[in-house]
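These notes are about the structure you will find just below.
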Amino acid sequence: MKKVITYGTFDLLHVGHINILRRAKELGDYLIVVVSTDEFNALKGKKAYYSFEDRKTILEAIKYVDEVLPENTWEQKIDDVKNNDVDVFVMGHDWTGKFDFLKDYCEVVYLPRTEGISTTKIKSDLGVTDKEAK
Ligand code: C2G
1304 MKKVITYGTF DLLHVGHINI LRRAKELGDY LIVVVSTDEF NALKGKKAYY
1354 SFEDRKTILE AIKYVDEVLP ENTWEQKIDD VKNNDVDVFV MGHDWTGKFD
1404 FLKDYCEVVY LPRTEGISTT KIKSDLGVTD KEAK
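Sequential numbering from 1304 applies to the sequence shown in my numbering.
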């Protein structure tokens, strides 16, 4: 069984997220999504609208997703790849090169992002600032 892994916040789920999840799944038979906890998002300087639990529940409902794990640190990727027998690591090309150290453990694939959509764009189009999005 060819196992694929990808990471992200996946807040305010949109078609850009769905596209990368579908394409990641197409690279193997089993897709693990490692979703950022609220605490890790704070480290990324991000504040998700949906809680970790809600983002996890939403991801688990997607047909391309087989398993959802928590992302707590930047440093957990090598252990995640080894402990889950992962064959392919996938991220959007905004991360190109940033995770090449994983090439010692698995295939590393950067996929083109979906243009014109992002969680940040959704919030700004709605005229919502972070303090309002409580
Ligand atoms: N993405 C995409 N197209 C978009 C928006 C996002 O392909 N229009 C991809 C991103 O490239 C990423 C995934 O969807 O691979 C999740 O995006 P985010 O939730 O913004 O995740 P990010 O903040 O990039 O967190 O350790 C890695 C980090 O957790 C990645």
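Every residue gets a Cβ at the ideal spot worked out from N, C-alpha and C, and that includes glycine.
Bear in mind that the values here come from a model prediction, so they are computed numbers and not experimental data.
{"Check": "Residues near Asp1390 by beta carbon distance below 8 angstroms, same chain, minus five either side", "Outcome": "Lys1305, Lys1306, Val1307, Gly1331, Cys1409 and Glu1410"}
{"Check": "Residue burial classification, Val1431 (beta-carbon count within 10 angstroms, cutoff 16)", "Outcome": "exposed"}
{"Check": "Beta bridge counterpart(s) of Met1248 as assigned by DSSP", "Outcome": "Because the chain here runs from 1304 to 1437, residue 1248 falls outside it and cannot be looked at."}
{"Check": "Integer Cβ distance of Val1371 from Thr1309, believed to fall under 8 angstroms", "Outcome": "Not quite, the Cβ-Cβ distance comes to about 11 angstroms (not below 8 angstroms), so this is no contact."}
{"Check": "Buried/exposed call for Lys1380, threshold 16 Cβ in 10 Å", "Outcome": "buried"}
{"Check": "3 or more residues per run - each beta strand (DSSP E) lying fully within the stretch 1316-1388", "Outcome": "1333-1339 and 1370-1374"}
{"Check": "Own chain, CB closer than 8 angstroms to Tyr1333, minus 5 neighbours either side, in chain order", "Outcome": "Met1304, Lys1305, Lys1306, Val1307, Asp1369 and Glu1370"}
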